[in-house]
Amino acid sequence: MADFLGMMKQAAQLQSKMQEMQEQLGNVEVEGISGGGLVAVRMTAKMDVKGVKIDPSLMKAEEREVLEDLLVTAFGDARRKAETAMQEKMQALTGGLGLPPGLFGQ
Numbered sequence: 001m002a003d004f005l006g007m008m009k010q011a012a013q014l015q016s017k018m019q020e021m022q023e024q025l026g027n028v029e030v031e032g033i034s035g036g037g038l039v040a041v042r043m044t045a046k047m048d049v050k051g052v053k054i055d056p057s058l059m060k061a062e063e064r065e066v067l068e069d070l071l072v073t074a075f076g077d078a079r080r081k082a083e084t085a086m087q088e089k090m091q092a093l094t095g096g097l098g099l100p101p102g103l104f105g106q
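Those letters in the sequence shown? Residues 1 to 106, per the UniProt record's numbering, in order.
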C-alpha cells in the first residue's frame, strides 16, 4: 500500500511539474533562419509564431517563389528548434522522478 501511495504522490508531483513546464514553454523563444538570414521566424517552444522578418531585397514580384521557399525553410527550422527546447524541458522535468526511460518520448 505504501508503494501505491508513493506512486500517487509522484503522479501528483509530475502533473504539477507538467503544468509548470507548459507555462515555461510559452516563454521559451527560438528563431528559425533561412537564406543566410534573409528570412527569420520567431516562435515559442509551444509552436506559437511570434514574428517573421523578411529582408527588403526579397520584396520583389520576381522573388516571390524564392521568398515562399525561404519562409517554409525558416518555419521548419524554428519548429525543429522548438521541439528540441520542449524535449530538453521534458527531460529536465522527468529526470529526477525515477520514471522508466522512454516514457514521455525520451
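Idealized CB from N, CA, C, for every residue including glycine.
Coarse secondary structure for residue i, derived from DSSP in three states
i	result
L93	helix
G26	coil
A45	coil
K60	coil
Rounded distance between the beta-carbons of residue j and residue i, thought under 8 Å
i	j	result
A74	V39	5 Å
K9	L93	In fact, because the Cβ distance is near 16 Å, the residues do not count as touching under 8 Å.
V52	V41	5 Å
Evaluate contact between the region 68-79 and the region 27-37, counting only Cβ atoms and requiring at least three cross-stretch pairs below 8 Å. Result yes; three or more Cβ-Cβ pairs closer than 8 Å.
Could you check whether the region 59-69 touches the region 40-48, counting it as contact only if at least three pairs of C-beta atoms, one from each stretch, sit closer than 8 Å? Segments in contact, no.
Is the number of C-beta pairs between the region 11-27 and the region 64-71 that are closer than 8 Å three or more? Result no; under three Cβ-Cβ pairs closer than 8 Å.
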